[in-house]
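Here the structure comes first, spelled out in structure tokens, and everything after it is commentary.
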Amino acid sequence: MFIWMNLNLMILMFLMSCFFYSSYYKHILLTLISLEFMMINLMMNMYMILIKLNINIFIISMFISIMVCEGILGLSILVHMIRNSGNDYSLTLNLIKW
């Protein structure tokens, strides 16, 4: 029972992070933070479900490595944008020039 209540809480947190991702679209850094929060919530959901079903949790280590690669790629794109344009506003960025 306790695991299912935590699972409902994690799903609610995931939906909140989806809302934050869709509402904070002006700055790239805020969208990256929202994406990382979504990934952490997904990882916790996977962990709760795998523990409940007594399945091997090796897949979580692969998911964590994908999360790290996604974070590094996002930060490197952010650094590149700041060096080229001087800010991280996504509204002033012209993606066609990339």
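Position in the sequence shown (from 1) plus 984 gives the number in the working numbering.
Ideal placement from N, C-alpha and C gives every residue a C-beta, glycine not left out.
A quick note: this is a predicted structure, and the numbers were derived from the prediction, not measured.
Subject >> Range covered by the alpha helix (DSSP H) that runs through G1055 >> reply: Here residue 1055 is taken as the residue at index 71 of the sequence shown, counted from 1. Counting along the chain, the alpha helix (DSSP H) containing G1055 begins and ends at 1042–1069.
Subject >> Backbone CA spacing between L1019 and S1001 [nearest angstrom] >> reply: Here residue 1019 is taken as the residue at index 35 of the sequence shown, counted from 1. Here residue 1001 is taken as the residue at index 17 of the sequence shown, counted from 1. Taking the straight line joining both Cα atoms gives about 8 Å.
Original post:
According to the neighbour-count rule (16 or more other Cβ atoms, all chains shown, within 10 Å of its Cβ), is M994 buried or exposed?
Top reply: For the purposes of this step, residue 994 is taken as the residue at position 10 of the sequence shown. So M994 counts as buried.
**OP:** Would you decide whether I1033 is buried or exposed? Buried here means 16 or more other CB atoms lie within 10 Å of its CB.
**Re:** Here residue 1033 refers to the residue found at position 49 of the sequence shown. Its Cβ having fewer than 16 others within 10 Å, I1033 is exposed.
Original post:
Considering only the beta carbon of each residue, do F1047 and M1022 sit closer than 7 Å?
Top reply: Looking up residue 1047 in the sequence shown gives position 63. Looking up residue 1022 in the sequence shown gives position 38. In this structure, M1022 does not lie closer than 7 Å to F1047 by Cβ.
Original post:
Between which two residues does the alpha helix (DSSP H) harbouring K1010 extend?
Top reply: The residue given as residue 1010 occupies position 26 in the sequence shown. First-last for K1010: undefined, no H or E at that position.
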